[in-house]
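*Asks:* Residue 100 is where the sequence shown starts when you use the numbering used here, and the numbers rise one by one after that.
Don't be surprised by glycine CBs; every beta carbon is placed ideally from N, CA and C.
Before anything else, here's the structure in question.
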Amino acid sequence: MRMSRLRAGVGTEGVGLSCGRASSGSAGHPGYFGKVGMRHYHLKRNQKFCPTVNLDKLWTLVTEQTRLNYAKNQAGLAPVIDVVRSGYYKVLGKGKLPKQPVIVKAKFFSRRAEEKIKEVGGACVLVA
């Protein structure tokens, strides 16, 4: 007596849906073996998400009335523009600023943006 006679589905293993078993057998564990994809532990999403705003569009984030009120003010007060509240993370240095001090809050500043803001008497504040 040969051992191959005692094994189920000899010669047909791995062929078709039933894998050598009866007609209703399943092909395996769906979603477990085979191409299950990679697992990425401690996944950080949106690492490259960094919306930017240029200096020439900076004053559009506050009202014109605010700018005029602070322009008339002689007490040395400066308006605070929080670009993160407006949906931007980084301030870039394209354009010119009016000769009026301003305090800008952002997560990132380019080198030229920081220079231009300080040139008009303003300040750059980093927020987390």
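According to DSSP, is N153 part of a helix, a strand, or is it coil?
*Replies:* For this step, residue 153 is matched to residue 54 along the sequence shown. It is a strand residue.
*Asks:* Do V183 and L154 have their beta-carbon atoms positioned less than 8 Å apart in this structure?
*Replies:* Here residue 154 corresponds to residue number 55 of the sequence shown, with the count starting at 1. Here residue 183 corresponds to residue number 84 of the sequence shown, with the count starting at 1. At a Cβ-Cβ threshold of 8 Å, L154 and V183 do not count as neighbours.
*Asks:* Quick check on the DSSP output: the beta strand (DSSP E) that includes A222 runs from which residue to which?
*Replies:* Position 123 of the sequence shown, counted from the first residue, corresponds to residue 222. Its beta strand (DSSP E) spans residues 222 to 225.
*Asks:* Could you please give the first and the last residue of the uninterrupted alpha helix (DSSP H) stretch that includes K171?
*Replies:* Working through the sequence shown from its first residue, we reach residue 171 at position 72. Start and end: 163 to 171.
*Asks:* Report yes or no: do the segment 192 to 209 and the segment 152 to 166 share at least 3 C-beta pairs separated by less than 8 Å?
*Replies:* Judged by Cβ distances under 8 Å, the segment 192 to 209 makes contact with the segment 152 to 166, as three or more pairs qualify.
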